[in-house]
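For any residue, its number in the working numbering is found by taking its place in the sequence shown, counting from 1, and adding 45. Positions of the beta carbon are idealized from the N, C-alpha and C atoms, including for glycine. What follows is a single structure, written as structure tokens, with notes after it.
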Amino acid sequence: MKFSKNTPAVAFAASGILALAVSGHRADAHHAFAAEFDREQPIEITGTVTNVEWTNPHARFYVDAPDPDRDDEIFNWNFELGSPNGLMRAGWRRDSLKPGDVVTVTGWRARNAAHVANARAVTDADGNRLFANSSAELEASD
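If you want it as structure tokens, here you go:
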């Protein structure tokens, strides 16, 4: 294989194009807060954690709690958090939420799904409050 004096420049340009392509794909693949959740529908739910999922791109947890609009029925709410990495930087640990914990969650309802919401903050029974590294907060700072 023969190399020319332009080979380093070509390799550098190719690596730059590859980096842009990869980073652009990541941004396009992620949804905007406003596409899925409604800032005009804030919510506060108190209930019992049933499951926690530490997965990318968003961690999630589930809470059995009544719907504020229908007090007589218990629903399993699905709350979206920030990324696991972002949560850990914000002070979370993998055991910050466990099934059986009673929590109060503030956030925003989903536009098109019942009992789905984006969490803003989670407060445990002892009054400890953790911020959810919400995509709403990240979008507001852009």
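By the Cβ neighbour-count rule, alanine 159 is exposed, with fewer than 16 other Cβ atoms within 10 Å of its own. In the DSSP annotation of this structure, the continuous segment of the alpha helix (DSSP H) that includes arginine 134 starts and ends at 129 to 134.
Note on geometry: alpha-carbon atoms of alanine 170 and valine 148 lie some 6 Å from one another.
With contacts defined by Cβ atoms closer than 8 Å, leucine 126 and arginine 154 do not form a contacting pair. Under DSSP, threonine 93 forms a beta bridge with Asp109, Val147. For alanine 164, no alpha helix (DSSP H) segment is defined; the enclosing uninterrupted segment is the beta strand (DSSP E) at 161 to 169. Taken through DSSP and simplified to helix, strand or coil, alanine 80 comes out as helix. The beta carbons of aspartate 140 and valine 94 sit about 12 Å from each other, so the pair does not count as a contact at 8 Å.
No residue range can be given for aspartate 140, since it is assigned to no beta strand (DSSP E) and is classified by DSSP as neither H nor E. Its chain contains Ala155, Arg156 as the residues whose beta carbon lies nearer than 7 Å to that of glutamate 81, once the 5 sequence neighbours on both sides are disregarded; these appear in chain order.
DSSP places leucine 175 inside the beta strand (DSSP E), whose first and last residues are 174 to 176. For arginine 115, the uninterrupted beta strand (DSSP E) segment begins and ends at 115 to 125. Put simply, the backbone Cα of serine 179 is about 13 Å away from that of asparagine 101.
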